[in-house]
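First residue of the sequence shown: 9, per the numbering used here; consecutive thereafter. Glycine is no exception: its CB is placed at the ideal position from the N, C-alpha and C atoms. Below: the structure, in structure tokens.
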Amino acid sequence: MRFFAKFIIISYICSTITTAESQNTTIGTESYPIYAVSTKSHTPVFRPKSHNKSLANSVALSNQQFADWIEAFKVRARQRGITTLILNAAFQNVTYDEDIIFRDRNQSEYTKAIWEYLDRAVSQTRIQNGKKNLQNYHNILEKIEVKYGVDKEIIIAIWGLETNYSEFRGSDNVIQSLATLAFDGRRGDFFESQLLAALEILQSGDTTASQMTGSWAGAMGHTQFMPTSFLEYAVDFTGDGRRDIWSNDPTDSLASTAAYLNRFGWKQNQPWGIEVQIPTNFDFNLVDPSNKRLPSHWAMSGVLGLNGLAIKDYGPASLLMPAGQQGAKFLIFDNFRVIKRYNSSNAYAIGVGHLSDRLKGRPSIQASWPRNDRPLNSAERKELQSHLANKGYYSGNIDGKIGPISMTAVRAFQNSIGVVADGYISLDLLNRLRQN
Ligand SMILES: [Ca+2]
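Below you can see the structure in the form of structure tokens.
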């Protein structure tokens, strides 16, 4: 879980998934960023991609400054109760890791469409491997489900998306990664708190410094816990007294994920979401995360299951249409928001939910997506907001982040030119704004 999502400010990009500030996720054999983040670095990229003399000098300088920083940090850590014994073991062989900084500075600006993301997130291979893991860990998953009340298919789906069922757990020294990022200072306070939490984990005896490996920004284990989240939510399910998410046995990781979802209010027997159909002339102003109604209420507005019948009243639900009128439409329940506590991207939550559905033997998403569209890049989204502002529809920031205010403005513009006001943002819409 990427910082368990809540630690970073995620911009709400309807229908697209843009770059992760913090981490890449592993989809298939490829690693790519999956969620949109608003806090880009204000620090210029200072390191050229190719190594040269000035780089060598700057790294040498960084190494000395890093060593000084560690000594000062150790004083702060001792004040927080971390023992000298733990500190010495943890920082043995830790050096400034320029590769971590490089990755932090060079995250992709590439924006992925929801359908591209879902193709990989819920590929046939991932479904098949998920089903195998459901069998392989059947007994343990049953026990986890009973104890925490979280569907085993959801746990498996998170495992599948976080590390491709343990394939990409990360082999970086977590202390070294977090210390480098804390020293670097771009989000120094956040990473220093993670570093302190990692040291607390070592002091608790759950694992050792040499075994504490993870992804480059400090997410650890089969389902990628950040250290602070580990301290708060991880559990020992094997009964050996250690919350061991680093061992090859995924049991503690899977149980910890269930415990996490349970703590954030997972409701058993409630779907994450259900694909629905809407009538022609539907009022897209009803599509708003805060507009929650019971499915029976939605049915009165013509929002029905794909079989034409009203959805059962599992609980209050809102509508989600990642590609507006043209793509799949979902009624999403509170469990959708619980999944987003793991990673606050809508695409991620749909990916987890849909993969879990497929693991339960349910069909794939039925609607087709506007696959000829491409997501707008950041500059284009800013241009779109500028046009909307010039026309008097938009008074928010020109920041390229598409939230509810931007969507409302888009709908107003769509209404003015007599097209379906679904708030969906595309190159076609941008071109219409340029022309009108
Ligand atoms: Ca254990």
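If one requires a minimum length of 4 residues, the alpha helix (DSSP H) runs lying completely within the region 161-219 are 182-192 and 196-212, in chain order. Taking S255 as reference, the option from M220, Y402 and Y356 with the minimal CA-CA separation is M220. Residue pairing by DSSP places A325 opposite R301 in a beta bridge.
Apart from sequence neighbours up to five positions away, the residues of its chain that approach I282 with a beta-carbon distance below 7 Å are G313, I319, F338 and L339, ordered along the chain. In this model, F272 and R349 are separated by some 7 Å (Cα to Cα).
Measuring C-alpha to C-alpha distances from L142 to each of P258, A97 and G196 identifies P258 as the nearest.
Setting aside the 5 residues that flank it on each side, K300 is surrounded in the same chain by P324 and S326, each with a C-beta closer than 6 Å to its C-beta; the list follows chain order.
A206 sits buried, since 16 or more C-beta atoms from the chains shown fall within 10 Å of its C-beta. Between the region 409-423 and the region 151-169, the count of Cβ pairs shorter than 8 Å is below three; the stretches do not touch. DSSP, read as helix, strand or coil, puts K337 in strand. The C-alpha of F74 lies about 11 Å from the C-alpha of L189. Taken from the Cβ of G213, every heavy atom of ligand 1 lies 8 Å or farther away.
Looking from the CA of Q374, the closest CA among P383, A417, H362 and V102 belongs to H362. Separation of A417 and N289 (C-alpha to C-alpha, rounded to the nearest whole angstrom) is 19 Å.
Residue pairing by DSSP places G313 opposite V284 in a beta bridge. Beta-carbon to beta-carbon, N354 and P330 are separated by about 7 Å, close enough to satisfy the 8 Å threshold.
Looking at S434, R111 and K390, the one whose alpha-carbon comes closest to that of G226 is R111.
Distance between R345 and I358, taken at the CA atoms: about 11 Å.
Between the region 375-382 and the region 114-128, the count of C-beta pairs closer than 8 Å reaches three or more; the two stretches touch. Annotation: the continuous alpha helix (DSSP H) that includes F238 extends over P235 to Y241. Listed by position in the chain, the residues whose beta carbon lies within less than 5 Å of some heavy atom of ligand 1 are D244, T246, D248, R250, D252 and D260. Using a Cβ distance threshold of 9 Å, F292 and Y322 do not count as a contacting pair. Counting along the chain, M415 sits inside the alpha helix (DSSP H) bounded by residues P412 to S424. Taken atom to atom, the span from the alpha-carbon of S264 to that of I433 is near 38 Å.
Closest in alpha carbon position to R86, among I253, L204, I183 and Q232, is L204.
Note on geometry: alpha-carbon atoms of K275 and M308 lie some 25 Å from one another. Residue pairing for T221: DSSP places it in a beta bridge opposite N181. Close CB contacts of Q72 within its chain, under the 8 Å cut and outside five residues either way in sequence, are absent.
No Cβ-Cβ contact shorter than 9 Å links I90 with E200. Less than 9 Å divides the Cβ of W280 from the Cβ of V360. Secondary structure of K151 (DSSP, three-state): helix.
Residue pairing by DSSP places M228 opposite F233 in a beta bridge. Going by C-alpha positions, G400 is about 54 Å away from L149. For N137, the enclosing alpha helix (DSSP H) begins and ends at Q132 to N144.
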